[in-house]
Amino acid sequence: MKDRILASLGPVLDRPLHVDIDAGQARDFCRERPAEGITLPDWRKDFIYPWDDGRAADYFLLFNCVNFAFWARPGTVKWAIDYKGRRLDGAYGLMGAFTRAIEEGVPLLDGKFLAGMTVETLGRILRGEGELVLFRERAEILRGVGAGLVARHGGSFSGLLAKAGGSAVALARLLVSEFPSFNDVCRTDGGELLFYKRAQLAAAMICQRFQGKGPGAFRDTDRLTVFADYKLPQALRRLGVIRYRPGLAAAVDSRTLIPPCSREEVEIRASTIGACDMIQREYAARGRRVDSVTLDAFLWLLAHEKAEGEKPYHLTETIFY
Numbered sequence: 013m014k015d016r017i018l019a020s021l022g023p024v025l026d027r028p029l030h031v032d033i034d035a036g037q038a039r040d041f042c043r044e045r046p047a048e049g050i051t052l053p054d055w056r057k058d059f060i061y062p063w064d065d066g067r068a069a070d071y072f073l074l075f076n077c078v079n080f081a082f083w084a085r086p087g088t089v090k091w092a093i094d095y096k097g098r099r100l101d102g103a104y105g106l107m108g109a110f111t112r113a114i115e116e117g118v119p120l121l122d123g124k125f126l127a128g129m130t131v132e133t134l135g136r137i138l139r140g141e142g143e144l145v146l147f148r149e150r151a152e153i154l155r156g157v158g159a160g161l162v163a164r165h166g167g168s169f170s171g172l173l174a175k176a177g178g179s180a181v182a183l184a185r186l187l188v189s190e191f192p193s194f195n196d197v198c199r200t201d202g203g204e205l206l207f208y209k210r211a212q213l214a215a216a217m218i219c220q221r222f223q224g225k226g227p228g229a230f231r232d233t234d235r236l237t238v239f240a241d242y243k244l245p246q247a248l249r250r251l252g253v254i255r256y257r258p259g260l261a262a263a264v265d266s267r268t269l270i271p272p273c274s275r276e277e278v279e280i281r282a283s284t285i286g287a288c289d290m291i292q293r294e295y296a297a298r299g300r301r302v303d304s305v306t307l308d309a310f311l312w313l314l315a316h317e318k319a320e321g322e323k324p325y326h327l328t329e330t331i332f333y
């Protein structure tokens, strides 16, 4: 999968108009951050499905169905929830909202329940403060996923996972082929640019939660790319590994919406994947192996650390990240 994605992005990476990758900064990153210091998260917190059973895999598949667009439109309040007296926003807010709903007896992991999802029901599940961008689209996606689970996988995410046969790539391909909301591609005159962010991330998070065992015993996570969203390029830009040319830099820094599948947007995402592949190859030249799952988790967590003079992430209204 990784080779196919990189090949599809080659025309954009070879002729950049808006984003440059700095190979020297990529080498500096590898020199300054030894591979041994990059470790995987296990997604174990009290608000992230705190129960030790196999259904945690179902939970992460559910989460990644609607794991996108947690930013606030200018002039609005960012969406957040209260979980047992704690304010959670972004991806953590969604995880907490789903855990809260399961604790309240909502059968969120059941395909039949999801197939009947309404805007009103999802509103109760995700109740909090502020505006959640693309809210109605999330309800529609959950209905479609639920219907697909009922029709083809016995009504459960577990049935889908079993069909993947221990392959992260097979799971990502199943998600992309069976559920349109996972088919994260941009069509251009030259063909299709493949990203598959949420489909790959779903497999990665299951692997991380189960530490490569049980439901997460995937044999091929090295065939995934990093998961091109809006936080990874923010981290890479801070590190100097990618640089926006003046026009794009001005648009991003002023929080101007970047249209989905525009040349600017696909360059940001393609350069994120290309730069991380460069970092991985540099580590390999130094005799160290860092797969995309590990590198992605490191950069995602780095992007959530506050830094002085931090530049904003780009804003694109899309269901794909």
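To convert a position in the sequence shown, counted from 1, into the working numbering, add 12.
Backbone N, C-alpha and C define an ideal beta-carbon position, used for all residues, glycine too.
Just so you know, these numbers come straight off a predicted model, no measurement behind them.
Can the beta-carbon of Val181 be found closer than 7 Å to that of Ala127?
Numbered from 1 along the sequence shown, position 169 holds the residue referred to as residue 181. Numbered from 1 along the sequence shown, position 115 holds the residue referred to as residue 127. No; because the gap between Cβ atoms is not below 7 Å, this pair is not in contact.
Output the residue ranges of the alpha helix (DSSP H) runs that lie fully inside the stretch 87-155 and measure 4 residues or longer, sorted by chain position.
102-115, 123-127, 131-137
Extent of the continuous alpha helix (DSSP H) run through Asp334:
What is shown of the chain runs 13 to 333, which leaves residue 334 out entirely.
Does chain D have any CB closer than 7 Å to the CB of Leu161?
In the structure shown, chain D cannot be found, because there is only a single protein chain.
By alpha-carbon positions, which one of Trp91, Arg27, Cys42, Arg56 ends up nearest to Gly299?
Taking the first residue of the sequence shown as position 1, residue 299 is located at position 287. Of the listed residues, the one whose Cα sits closest to Gly299 is Cys42.
Limits of the unbroken beta strand (DSSP E) element including Tyr325:
For the purposes of this step, residue 325 is identified with residue 313 of the sequence shown, where counting begins at 1. Segment: none, Tyr325 is in no beta strand (DSSP E) and carries neither H nor E.
Would you say the stretch 163-180 touches the stretch 246-265, given that touching needs at least three Cβ pairs under 8 Å?
The stretch 163-180 and the stretch 246-265 do not touch, with fewer than 3 CB-CB distances between them shorter than 8 Å.
Below 8 Å CB to CB, which residues in the same chain sit around Asp65 once its five sequence neighbours on both sides are set aside?
Mapped onto the sequence shown, residue 65 falls at position 53. None.
Stretch pair the stretch 266-279 + the stretch 42-60: three plus CB contacts closer than 8 Å
no
Whole angstroms is fine: what's the gap from Cys198's alpha carbon to Leu206's?
Locating residue 198 in the sequence shown gives position 186, where the first residue counts as 1. Locating residue 206 in the sequence shown gives position 194, where the first residue counts as 1. If I take the Cα positions, the gap works out to 7 Å.
Closer than 8 Å by C-beta to Leu186: which residues in its own chain qualify, once you throw out the five before and the five after it? Chain order, please.
The sequence position of residue 186 within the sequence shown is 174, counting from 1. Answer for Leu186: Leu172, Lys175, Ala176, listed in chain order.
At what residues does the alpha helix (DSSP H) containing Gly171 begin and finish?
Counting from 1 along the sequence shown, the entry for residue 171 is found at position 159. Looking at the DSSP string, the run of the alpha helix (DSSP H) that includes Gly171 is 169-176.
Candidates Trp83, Asn76, Gly140, Leu121: closest to Gly366 by CA position
Lying outside 13 to 333, the shown extent of the chain, residue 366 is not represented and no answer is given.
Which ranges does the beta strand (DSSP E) cover as unbroken runs of at least 3 residues, wholly within the stretch 153-239, from first to last along the chain?
With a minimum length of 3 residues, the continuous beta strand (DSSP E) runs that stay inside the stretch 153-239 are 197-200, 203-206.
So, helix, strand or coil for Arg249, using DSSP?
Sequence index remark: in the sequence shown, residue 249 carries index 237 (1-based). Three-state result, Arg249: helix.
Short of 6 Å in beta carbon distance, which residues of its chain neighbour Ala282, apart from the five on each side in sequence? Order them along the chain.
Within the sequence shown, numbered from 1, the residue matching residue 282 stands at position 270. Answer for Ala282: Leu21, Val24, Leu25, listed in chain order.
Output the distance between the C-alpha atoms of Gly286 and Asp101, rounded to the nearest integer angstrom.
Working through the sequence shown from its first residue, we reach residue 286 at position 274. Working through the sequence shown from its first residue, we reach residue 101 at position 89. Between Gly286 and Asp101, the C-alpha separation is close to 29 Å.
Distance, Ala68 Cα to Gly167 Cα:
Stepping through the sequence shown from its first residue, residue 167 is reached at position 155. Stepping through the sequence shown from its first residue, residue 68 is reached at position 56. Near 16 Å, if we compare the C-alpha coordinates of Ala68 and Gly167.
Apply the 10 Å Cβ neighbour rule to Ala229 and answer buried if 16 or more other Cβ atoms are within range, or exposed otherwise.
Indexing the sequence shown from 1 puts residue 229 at position 217. Ala229 should be labelled exposed.
Assign Arg27 to one of two classes, buried (16 or more other C-beta atoms within 10 Å of its C-beta) or exposed (fewer than that).
Taking the first residue of the sequence shown as position 1, residue 27 is located at position 15. Arg27 should be labelled exposed.
Can Asp70 and Leu121 be called in contact, C-beta distance under 7 Å?
Translated into positions along the sequence shown, residue 70 becomes position 58. Translated into positions along the sequence shown, residue 121 becomes position 109. Closer than 7 Å, so yes.
8 Å contact criterion, which Ile93 and Gly117 should meet: CB distance rounded
Taking the sequence shown and counting its residues from 1, one reaches residue 93 at position 81. Taking the sequence shown and counting its residues from 1, one reaches residue 117 at position 105. Actually they are not in contact, since the Cβ atoms of Ile93 and Gly117 sit about 18 Å apart, beyond 8 Å.
Distance check for Lys225 and Thr284, CA to CA, integer angstroms please.
As a position in the sequence shown, residue 284 is number 272, starting the count at 1. As a position in the sequence shown, residue 225 is number 213, starting the count at 1. In a straight line, the C-alpha of Thr284 is about 29 Å away from that of Lys225.
Give the straight-line distance between the Cα atoms of Ala84 and Glu329, rounded to the nearest whole angstrom.
In the sequence shown, residue 84 corresponds to position 72, counting from 1. In the sequence shown, residue 329 corresponds to position 317, counting from 1. One C-alpha to the other measures close to 11 Å.
Between which two residues does the beta strand (DSSP E) carrying Asp32 extend?
Indexing the sequence shown from 1 puts residue 32 at position 20. Residues 31-33.
Nearest CA to the CA of Arg39: which residue from Asp289, Ala103, Trp312, Ala151?
The residue labelled residue 39 in the question sits at position 27 within the sequence shown. With distances taken between Cα atoms, Arg39 lies closest to Asp289.
Check for me: the alpha helix (DSSP H) holding Tyr16 runs from which residue to which?
Position 4 of the sequence shown holds residue 16. In the sequence as presented, Tyr is not what sits at residue 16; that position holds Arg. Segment 14-26, the alpha helix (DSSP H) holding Arg16.
Nearest-angstrom Cα separation, counted from Leu106 out to Val31
Counting from 1 along the sequence shown, the entry for residue 31 is found at position 19. Counting from 1 along the sequence shown, the entry for residue 106 is found at position 94. Whole-angstrom Cα-Cα distance: 31 Å.
Rounded to whole angstroms, what is the Cα-Cα separation between Val238 and Gly321?
Start at 1 with the first residue of the sequence shown, and residue 238 comes out as number 226. Start at 1 with the first residue of the sequence shown, and residue 321 comes out as number 309. So the alpha carbons of these two residues sit roughly 25 Å apart.
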